[in-house]
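Asker: Chains as they are written, first to last, in my numbering: chain A, 15 to 205; chain B, 15 to 205.
The C-beta atom is built at its ideal place from N, Cα and C for all residues, glycine as well.
There are 2 protein chains.
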Amino acid sequence: MFDGIRQYYQELIPKLSDEEWLQLENRLVIESYPKGSLVCREGENCKGVYYIHKGLARLYYTVDGREICTGFAKEGEYLSEYDSFLTQSPASQSMDVLEDTIIINLPYEKMQDLYRNYPIYNQAGRKIAEGLFILISRYNTRLLTLSPEDRYQYIIDNQYHLIQRVPQYMLASFIGISPEHLSRIRKKMIR
Amino acid sequence: MFDGIRQYYQELIPKLSDEEWLQLENRLVIESYPKGSLVCREGENCKGVYYIHKGLARLYYTVDGREICTGFAKEGEYLSEYDSFLTQSPASQSMDVLEDTIIINLPYEKMQDLYRNYPIYNQAGRKIAEGLFILISRYNTRLLTLSPEDRYQYIIDNQYHLIQRVPQYMLASFIGISPEHLSRIRKKMIR
DNA sequence: CTTTTCCATTAACATATATCAAGAAGCCAG
DNA sequence: CTGGCTTCTTGATATATGTTAATGGAAAAG
Chain A
15 MFDGIRQYYQ ELIPKLSDEE WLQLENRLVI ESYPKGSLVC REGENCKGVY YIHKGLARLY
75 YTVDGREICT GFAKEGEYLS EYDSFLTQSP ASQSMDVLED TIIINLPYEK MQDLYRNYPI
135 YNQAGRKIAE GLFILISRYN TRLLTLSPED RYQYIIDNQY HLIQRVPQYM LASFIGISPE
195 HLSRIRKKMI R
Chain B
15 MFDGIRQYYQ ELIPKLSDEE WLQLENRLVI ESYPKGSLVC REGENCKGVY YIHKGLARLY
75 YTVDGREICT GFAKEGEYLS EYDSFLTQSP ASQSMDVLED TIIINLPYEK MQDLYRNYPI
135 YNQAGRKIAE GLFILISRYN TRLLTLSPED RYQYIIDNQY HLIQRVPQYM LASFIGISPE
195 HLSRIRKKMI R
């Protein structure tokens, strides 16, 4: 069960000891979410950082009753409304799962506890934050510098699993356009 | 000279010792940039994280010969093409200064050196990365969920110094619209 | 299976925002 | 001062993209 996540941390902290790992493992919580269910809700404090053991999760804003997706995570990846998690303030995005999903959750209090008592985890925390920064920064770059068509092409080239597992109208909002417009772009690209 | 930046780190690491601080101070480099000069250029590896001691710096993409601003930093704030800095890969944005500016630079190698020999700085690195994540994440939120008019209003309410120190056409690209459109929005808001 | 719901496509139309072009205003340099 | 940059404004026009609505197919539910 914990093999994947242990390897994940082992790569962040090469010299992680068995004892230190055990301290983390003892703080992890396994949670199971049926397809379509909410992991955390906009307006509430995000209670964890979520490692996806199996399944697919999504992060999204709700604006005027419409959903705008900003991120997805599949097996072996992390996802969280990290702003809300870090500041323990109301989230501006919700998180739900698009398939039956098993999550390994590191709750906020446990994580602070870990930082305090096992300072080596600051190194993991640093690299996680750095990784999330790079992720959102590149997402931003694509939104600001590429055309809608090129943004879709980027997904085809680099995140093809999303094309297979995520409904097209969600991908449309992910690249910042309407579902109808994406449909037209696809039609044009086929020619 | 180093008072501001020392206090900055002291807040990130409350129990920072004099010895540890000295190790950081010895690695800092003071740099002076005349108004309009480049701190780092798109396509090149970003060599530092820059603490602004005096002046005003800006981060921007160049797309089809046009500049798109994504961030500003004034005295007491940090700025960097952090993706490029962390990965030591070509930057997708350039950084320049809008006024005569004095920067305190922590170069990449020195920072890695610090992480290795003084692990406590992982805590500072974590908090800096977390802070930068929150910054870009909220910028993203505003771009995706607010109207152009509300994004401009946000600057008036929360970053008024930008209105005073940054040319309007740069602010326009910062909120994701053309200079002409911002001019019209301003006209409408005056009424 | 059959029914319902969800999703993708297509077309006609609407609109926000960009672009182009010109002039006015402010500001710096000689 | 005065002439030249740079920036801001304004108007006319263009266009990318959104919106609305209808259709058909696929997938899920019973």
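Looking only at its chain, what residues have a beta carbon closer than 8 Å to the beta carbon of A:G57, apart from the 5 residues adjacent to it on each side?
Answerer: Result list for A:G57: P104 and A105, in chain order.
Asker: Return no unless some Cβ of chain A is closer than 8 Å to the Cβ of B:T115.
Answerer: Chain A contact via Cβ: absent.
Asker: Could you spell out the range, first to last residue, of the beta strand (DSSP E) harbouring A:F16?
Answerer: It is not in any beta strand (DSSP E) - A:F16 carries neither H nor E in the DSSP assignment.
Asker: Find out if the Cβ-Cβ distance for the pair B:L73, B:G62 is shorter than 8 Å.
Answerer: Taking 8 Å as the Cβ cut-off, B:L73 and B:G62 do not qualify as a contacting pair.
Asker: Would you say B:I118 and B:L93 are within 8 Å of each other, going by their C-beta atoms?
Answerer: Contact flag unset, no.
Asker: Is A:L120 closer than 8 Å to A:L42 when the C-beta atoms are compared?
Answerer: Against a cut-off of 8 Å, the Cβ pair of A:L120 and A:L42 comes out as a contact.
Asker: Is the CB-CB distance between A:N154 and B:N154 below 8 Å?
Answerer: Yes, these two residues count as a Cβ contact at 8 Å.
Asker: Which residues bound the alpha helix (DSSP H) around B:P162?
Answerer: Unbroken alpha helix (DSSP H) run through B:P162: P162 to N172.
Asker: Between the region 64–90 of chain A and chain B, which residues of the former have a C-beta closer than 8 Å to a C-beta of the latter?
Answerer: Hits within the stretch, in order: Y75, V77, I82 and T84.
Asker: What residues match up with A:E81 in a beta bridge as DSSP calls it?
Answerer: In DSSP, A:E81 forms a bridge with A:T76.
Asker: Does the beta carbon of A:G57 come closer than 8 Å to any beta carbon on chain B?
Answerer: Cβ-Cβ to chain B under 8 Å: no for A:G57.
Asker: Can a CB atom of chain A be found closer than 8 Å to the CB of B:N131?
Answerer: False, the Cβ-Cβ gap to chain A never drops below 8 Å.
Asker: So if DSSP puts B:L52 in a beta bridge, which residue, or which two residues, is it bridged to?
Answerer: Answer is B:D110.
Asker: I think A:D110 touches A:V180, with their Cβ atoms under 8 Å apart; what is that distance to the nearest whole Å?
Answerer: About 12 Å; that fails the 8 Å criterion.
Asker: Which residues, in order along the region 32–51 of chain B, keep a beta-carbon less than 8 Å from a beta-carbon of chain A?
Answerer: Against chain A - using a Cβ distance shorter than 8 Å - the region 32–51 of chain B contributes no residues.
Asker: Kindly indicate which residue of B:F188, B:A138 and B:E123 has the alpha-carbon position closest to the one of B:Q21.
Answerer: Per the Cα distances, B:A138.
Asker: Would you say A:G62 lies against chain B (beta-carbon separation less than 8 Å)?
Answerer: Chain B contact via Cβ: absent.
Asker: Rounded to a whole number of angstroms, what is the C-alpha to C-alpha distance between A:V77 and A:C83?
Answerer: Roughly 11 Å separates the two Cα atoms.
Asker: Could you check if A:D97 is buried or exposed, using at least 16 other CB atoms within 10 Å of its CB as the buried criterion?
Answerer: Per the 10 Å Cβ criterion, buried.
Asker: Tell me, to the nearest whole angstrom, how far the beta carbon of B:E81 is from that of B:S187; I am working on the premise that it is less than 8 Å.
Answerer: Between B:S187 and B:E81 the Cβ distance is about 6 Å, and since that is below 8 Å, they are a contact.
Asker: Closer than 8 Å between beta carbons: that is the criterion. Which residues of the region 132–144 of chain B meet it against chain A?
Answerer: Cβ contacts with chain A: P133, I134, N136, Q137, G139, R140, A143 and E144.
Asker: Just to confirm, are B:E134 and B:E34 a CB contact at a threshold of 8 Å?
Answerer: In the sequence as displayed, the identity of residue 134 of chain B is Ile instead of Glu. Yes, the pair counts as a contact, with Cβ atoms nearer than the cut-off.
Asker: Could you say which of B:R55, B:G69, B:G145 and B:R156 lies nearest to B:L26 if we only look at CA atoms?
Answerer: Closest option to B:L26, Cα to Cα, is B:G145.
Asker: In whole angstroms, what is the alpha-carbon distance linking A:K202 and A:Q102?
Answerer: So the alpha carbons of these two residues sit roughly 45 Å apart.
Asker: Could you check which residue in A:E89, A:R55 and A:Q126 has the C-alpha nearest to that of A:G69?
Answerer: The shortest Cα separation from A:G69 among A:E89, A:R55 and A:Q126 belongs to A:E89.
Asker: Along the chain, where does the beta strand (DSSP E) containing B:G62 start, and where does it finish?
Answerer: Residues G62 to K68.
Asker: Find the nearest neighbour of B:P28 within the set A:I189, A:L149, A:I169 and A:R130, judged by alpha-carbon distance.
Answerer: For the residues A:I189, A:L149, A:I169 and A:R130, the minimum Cα distance to B:P28 belongs to A:R130.
Asker: Out of curiosity, what's the CA-to-CA distance linking A:D114 and A:Q182?
Answerer: Approximately 19 Å between the Cα atoms of the pair.
Asker: Is B:G190 near the ligand ADP - that is, is its Cβ less than 7 Å away from at least one heavy atom of it?
Answerer: Within the structure as shown, the ligand ADP is missing, as the structure has no ligands at all.
Asker: Just to confirm, are A:I169 and A:L185 a CB contact at a threshold of 8 Å?
Answerer: Cβ atoms of A:I169 and A:L185: closer than 8 Å.
Asker: Excluding the five sequence neighbours on either side, which residues of its own chain have a C-beta within less than 8 Å of the C-beta of B:E39, listed in chain order?
Answerer: Within the same chain, B:E39 has close Cβ partners F16 and R20.
Asker: With burial defined as no fewer than 16 other Cβ atoms inside 10 Å of the residue's Cβ, what is the status of A:I44: buried or exposed?
Answerer: A:I44 is exposed by the Cβ-count criterion.
Asker: Going by DSSP, which residues form a beta bridge with B:N59?
Answerer: Per DSSP, B:P104.
Asker: Just how far apart, CA to CA, sit A:G190 and B:L36?
Answerer: For A:G190 and B:L36, the distance between alpha carbons rounds to 47 Å.
Asker: Using a threshold of 8 Å, state whether the C-beta atoms of B:Y132 and B:F99 are closer than that.
Answerer: No; because the gap between Cβ atoms is not below 8 Å, this pair is not in contact.
Asker: Can you tell me whether A:Y47 is buried or exposed? The criterion is at least 16 other CB atoms within 10 Å of its CB, across all chains shown.
Answerer: Answer is buried; the Cβ neighbour count reaches 16.
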